[in-house]
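For reference, the structure discussed in these notes is given below.
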Amino acid sequence: MTAPVSHLSAEAKATLPAHVAIIMDGNGRWAKQRHLPRVEGHRQGAESVRAIVRAAGEVGVKYLTVYAFSVENWNRPKDEVDTLMKYLARYLKNEIGELNRNNVRLEVIGQIYRLPEFVQQQLEKTKAALSRNNGLTLILALSYGGRTEIVEAVREIAGKAREGRLDPAEVDEQAISQHLYTRHFPDPDLLIRTSGEQRLSNFLLWQTSYAEFVVTPTLWPDFRRQQFFDALEEYARRHRRFGGLG
62 MTAPVSHLSA EAKATLPAHV AIIMDGNGRW AKQRHLPRVE GHRQGAESVR
112 AIVRAAGEVG VKYLTVYAFS VENWNRPKDE VDTLMKYLAR YLKNEIGELN
162 RNNVRLEVIG QIYRLPEFVQ QQLEKTKAAL SRNNGLTLIL ALSYGGRTEI
212 VEAVREIAGK AREGRLDPAE VDEQAISQHL YTRHFPDPDL LIRTSGEQRL
262 SNFLLWQTSY AEFVVTPTLW PDFRRQQFFD ALEEYARRHR RFGGLG
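So that you can map any letter, position 4 of the sequence shown is 65 in this note's numbering, and since no number is skipped, the others follow by simple counting.
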């Protein structure tokens, strides 16, 4: 087993991923293990987001995408969803100062129109407050689903083709990428999943085609700076061939 690190090695610094995506899993299990309500797991999970945003910005990661709320999460009990939305709005408001101090810019991907109005309004306020920052770009995946994203892209492409604005013969990978929610960002280099589950859970299905995966048994509320650096060290040991020989 690799020894834990509290700082990055020279090799890890030299091969730092530009874009890290995280499936933040395990809030509910963390709370259950401690005989606490699930919402306490979500509250502690927000502390992990704060720690990882800070660490990612410090070491020079350019983009950090976190899977905060999936389209499937709408099927959870209404009380839990309502609480999550209130926590989200509170986080977006209370973190403005911290994010500004760390030069973080905020972006969001997903079906944002499905979020409560008060969350949408706070998102816009927070994005505006951070819009002049040029350090780490934090991308929140909210009401997000990878299949939904691809379906919406295909519909938009089909509409342009029907209107004669796009030749179907010209539709290639680049054309599809330019119609995704993530068209303004590079694809992730590293995907981290906490809690030990080994699946994508409908997250960035197109964009993670060549991302390196690091799965950790650590539950998200316990995933902090050291665990993040461990994942970056593991990434540095990978040899990325993108389908070629090497």
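Glycine included, C-beta positions come from ideal geometry on N, C-alpha and C.
Contact set for R154: own chain, Cβ-Cβ below 8 Å, skip 5 residues either direction: Note that residue 154 corresponds to Lys in the displayed sequence, not to Arg. Contacts found: Q183, K186, T187.
Nearest-angstrom beta carbon gap, L241 and W267 [assumed within contact, 8 Å]: 6 Å
As assigned by DSSP and simplified to three states, the class of R226: coil
Test item: CB-CB of N163 and V114 under 8 Å: yes
Proximity below 8 Å, CB of G89 to CB of P282: no
Through-space distance from E101 to V120, alpha-carbon basis: 29 Å
Paired residues, beta bridge with E168 - DSSP: I200
Three-way DSSP call (helix, strand, coil) for F246 in this model: coil
Contact the stretch 196-206 vs the stretch 167-175: 3+ CB pairs below 8 Å: yes
Given 8 Å, three or more beta-carbon pairs between the stretch 210-219 and the stretch 126-139: no
Helix, strand or coil at V142 [DSSP, three-state]: helix
C-alpha distance - E295 paired with V275, whole-angstrom precision: 7 Å
Closest by C-alpha distance to E133, when choosing among S262, P177, H68: S262
Three CB pairs or more closer than 8 Å across the stretch 69-81 and the stretch 117-131: yes
Alpha-carbon to alpha-carbon, A116 and A75: 16 Å
Simplified DSSP state of M62, which is helix, strand or coil: Residue placement at M62 is poorly supported in this model, since its pLDDT is 40, which falls under 50; the coordinates still yield a value, given next. Three-state result, M62: coil.
CB contact flag (R285, A112, <8 Å): yes
For I83: DSSP bridge partner residues: V127, I253
Start and end residues, beta strand (DSSP E) containing E108: Careful: E108 lies outside any beta strand (DSSP E), inside the alpha helix (DSSP H) at 99-120.
DSSP state of E185 mapped onto helix, strand, coil: helix
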